[in-house]
Amino acid sequence: MLFAPDMKSVEVYTSQEAQRFLVASALAAAAVDTDLSGRPVTMRQHNLRRFYRSLRLPQDVAAELGLIDVGVVEAEARPPNWKRRVVLRVDKNDDIEDAATETMGDNPIFRQATLISRVVINLRFMKDGKEINLPITLSTPHRCNLASRRDLHE
Numbered sequence: 280m281l282f283a284p285d286m287k288s289v290e291v292y293t294s295q296e297a298q299r300f301l302v303a304s305a306l307a308a309a310a311v312d313t314d315l316s317g318r319p320v321t322m323r324q325h326n327l328r329r330f331y332r333s334l335r336l337p338q339d340v341a342a343e344l345g346l347i348d349v350g351v352v353e354a355e356a357r358p359p360n361w362k363r364r365v366v367l368r369v370d371k372n373d374d375i376e377d378a379a380t381e382t383m384g385d386n387p388i389f390r391q392a393t394l395i396s397r398v399v400i401n402l403r404f405m406k407d408g409k410e411i412n413l414p415i416t417l418s419t420p421h422r423c424n425l426a427s428r429r430d431l432h433e
């Protein structure tokens with residue numbers, strides 16, 4: 280378990296998904312007197328505001344973590360008219376900023392959007408001599424697909 284008092288969170292890490300649920304359930308019952316009931320005890324806040332400035336992600340941090348690269352492969356923006364949305368998807372090898380300029384010209388839809396409602400980030404890394412792609416979807420309000428993914432080593 281990893282306790283971060285400044286973030287007021289406890290993260291549970293285990294070697295298998297089934298063990299993680301058991302440990303987290305026991306912790307929730309003992310520490311806060313509640314059950315997990317298939318959802319987190321508290322909601323995690325995902326702040327997508329940084330994507331108004333740029334859809335590119337810094338590669339220096341990826342290199343420090345031993346990743347091949349990390350990048351945005353999909354972004355969804357809501358213009359002022361909420362009935363409409365703009366979705367841009369690219370291949371893992373493409374730059375989404377370049378694709379946005381090629382597709383939409385100088386229209387800065389992602390900078391002027393009322394809401395960036397969804398971003399898919401792809402992590403590429405090597406495991407046992409094989410390239411692994413891990414797409415992580417962050418969407419409003421406060422959703423992330425990591426909790427429902429299986430462990431990579433299973």
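Sequential numbering from 280 applies to the sequence shown in this note's numbering.
Just so you know, even glycine gets a beta-carbon here, dropped at the ideal spot from N, CA and C.
- Residue range Lys409 to Ser418 is occupied by the beta strand (DSSP E) that includes Thr416.
- In this structure, the beta-carbon distance from Arg397 to Glu355 falls below 8 Å.
- In this structure Val351 touches Ile400 by the C-beta definition: roughly 6 Å separates them, less than 8 Å.
- If you draw a straight line from the Cα of Leu402 to the Cα of Leu327, it is about 17 Å long.
- Residue burial annotation: Ile411 is exposed, with fewer than 16 other C-beta atoms found within 10 angstroms of its C-beta.
- The beta carbon of Tyr331 sits closer than 6 Å to those of Arg390, all from its chain and outside the five residues before and after it, given in chain order.
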